[in-house]
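Visitor: A single structure is presented below for examination.
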Amino acid sequence: MSNTMETALGSDPAIYVAPRMALLFNGLSVAAVTLATLLPIGASLFWLFVDPDQVRTMVGLAPELLPDITMGQRIAAAIVAIATTLPLAWGLARLRICLKSFAAGRPFASEGIAGLRDFATGGMLAALAQLAGHTLTALVLSWTAAEGHRQLAIAIDSQMLLLAMFAGTIAALGWAMEKAATIAEENSQFV
């Protein structure tokens, strides 16, 4: 491990990481940043170019009840989609720091643990944002529906619950890694 890498990621000594594992961690960090970039872009493009028939199917209204999807509705749905994906995108961007610490042989570095904790926070916020986002999207998409057919929907699905459970598990792992790092630091003081 070079002194430059140790200086860039902190002063703690690095452990050996096999080149294959370092490549995997670096590849995952690139994938995390790529996803963080593409999620909001993809969500907004979807709503700007979605077929009106597909929207009618989503809200369960016939063409005579929901004649057209206006550009204003599309933009509003895109804004809601961006708002619901931004927490996860932020978490994925923070995950990059954790993966870089792993690749550098510093799995218990404080900045890497903070990146993992932030990833968990982003996942949990994204799960909560999906709950509110579904409700807002249904309202936005049915806004031009015939009188009496506007919708206010609340949905809790397995994807949302799995994301929350995954984020909670990652938060617990971050907590355990933080405690392990603290114990290791205390033990190094005695030697």
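Quick note: the working numbering has the sequence shown finishing at residue 262, numbered continuously throughout. Where is the CB? At the ideal position from N, CA and C, for every residue including glycine.
Could you check whether the region 202 to 211 touches the region 149 to 165, counting it as contact only if at least three pairs of C-beta atoms, one from each stretch, sit closer than 8 angstroms?
Guide: Yes, since at least three Cβ pairs between the region 202 to 211 and the region 149 to 165 fall closer than 8 angstroms, the two stretches touch.
Visitor: Could you give the DSSP three-state label for ASP122: helix, strand or coil?
Guide: The sequence position of residue 122 within the sequence shown is 51, counting from 1. The answer is coil: DSSP assigns ASP122 none of H, G, I, E or B.
Visitor: According to DSSP, is VAL151 helix, strand or coil?
Guide: For the purposes of this step, residue 151 is identified with residue 80 of the sequence shown, where counting begins at 1. Helix, per DSSP.
Visitor: Please determine, among THR156, ALA174, VAL88 and ALA133, the residue with the shortest C-alpha to C-alpha distance to THR215.
Guide: Residue numbering aside, residue 215 sits at position 144 when the sequence shown is read from its first letter. Measuring from the Cα of THR215, the nearest candidate turns out to be ALA133.
Visitor: With DSSP run on the structure shown, which of helix, strand or coil describes TRP214?
Guide: Here residue 214 is taken as the residue at index 143 of the sequence shown, counted from 1. If DSSP states are grouped into helix, strand and coil, TRP214 belongs with coil.
Visitor: Whether or not the region 133 to 146 and the region 171 to 186 are in contact is what I'm after, with contact meaning three or more pairs of Cβ atoms, one per stretch, closer than 8 angstroms; do they touch?
Guide: Contact between the region 171 to 186 and the region 133 to 146 is absent, because fewer than three Cβ pairs lie under 8 angstroms.
Visitor: Quick one: grab the DSSP three-state call for GLY113.
Guide: The residue labelled residue 113 in the question sits at position 42 within the sequence shown. Helix, per DSSP.
Visitor: Roughly how many angstroms lie between the CA atoms of ALA203 and GLN222, to the nearest whole one?
Guide: In the sequence shown, residue 203 corresponds to position 132, counting from 1. In the sequence shown, residue 222 corresponds to position 151, counting from 1. So the two alpha carbons sit approximately 14 angstroms from each other.
Visitor: Taking 8 angstroms as the cut-off, decide whether the C-beta atoms of GLY194 and LEU234 are in contact.
Guide: For the purposes of this step, residue 194 is taken as the residue at position 123 of the sequence shown. For the purposes of this step, residue 234 is taken as the residue at position 163 of the sequence shown. For GLY194 and LEU234, yes; Cβs fall inside 8 angstroms.
Visitor: Look at SER259 and LYS171 and say whether their C-beta atoms are less than 8 angstroms apart.
Guide: Looking up residue 259 in the sequence shown gives position 188. Looking up residue 171 in the sequence shown gives position 100. Cβ distance not < 8 angstroms, so SER259 and LYS171 don't count as in contact.
Visitor: When burial is assigned at 16 or more other CB atoms within 10 Å of the CB, is GLY186 buried or exposed?
Guide: Locating residue 186 in the sequence shown gives position 115, counting from the first residue. Classification for GLY186: buried.
Visitor: Determine the DSSP secondary structure at GLU135, reduced to helix, strand or coil.
Guide: For the purposes of this step, residue 135 is taken as the residue at position 64 of the sequence shown. Three-state DSSP puts GLU135 in coil, outside helix and strand.
Visitor: Can you check whether the CB of ILE241 is closer than 8 angstroms to the CB of ALA191?
Guide: Working through the sequence shown from its first residue, we reach residue 191 at position 120. Working through the sequence shown from its first residue, we reach residue 241 at position 170. A contact, by the Cβ cut-off of 8 angstroms.
Visitor: In or out: GLN230 buried (at least 16 other Cβ within 10 Å) or exposed?
Guide: Locating residue 230 in the sequence shown gives position 159, where the first residue counts as 1. Result: exposed.
Visitor: Going straight from the alpha carbon of LEU106 to that of GLY113, what length do you get?
Guide: Residue 106 sits at position 35 when you count from the first residue of the sequence shown. Residue 113 sits at position 42 when you count from the first residue of the sequence shown. Going from the Cα of LEU106 to the Cα of GLY113 covers about 10 angstroms.
Visitor: Taking only the alpha-carbon atoms, compute the straight-line gap between PRO111 and ALA197 and give it to the nearest angstrom.
Guide: Residue 111 sits at position 40 when you count from the first residue of the sequence shown. Residue 197 sits at position 126 when you count from the first residue of the sequence shown. Going by the C-alpha atoms only, they are around 12 angstroms apart.
Visitor: Assign GLN144 to one of three DSSP states: helix, strand, or coil.
Guide: As a first step, residue 144 must be located in the sequence shown, where it is residue number 73. Looking at GLN144 - three-state DSSP - the assignment turns out to be helix.
Visitor: Rounded to a whole number of angstroms, what is the C-alpha to C-alpha distance between GLU249 and ALA102?
Guide: For the purposes of this step, residue 249 is taken as the residue at position 178 of the sequence shown. For the purposes of this step, residue 102 is taken as the residue at position 31 of the sequence shown. Straight-line Cα distance between these residues: approximately 25 angstroms.
Visitor: What's the C-alpha gap between PRO84 and PHE237?
Guide: The sequence position of residue 84 within the sequence shown is 13, counting from 1. The sequence position of residue 237 within the sequence shown is 166, counting from 1. Their Cα atoms are separated by approximately 31 angstroms.
Visitor: Of all the options LEU212, VAL88, SER115 and TRP246, which has the alpha carbon lying nearest to the alpha carbon of ARG131?
Guide: Counting from 1 along the sequence shown, the entry for residue 131 is found at position 60. Before going further, note that residue 131 is Gly rather than Arg in the sequence given. Checking every option, the nearest Cα to that of GLY131 belongs to LEU212.
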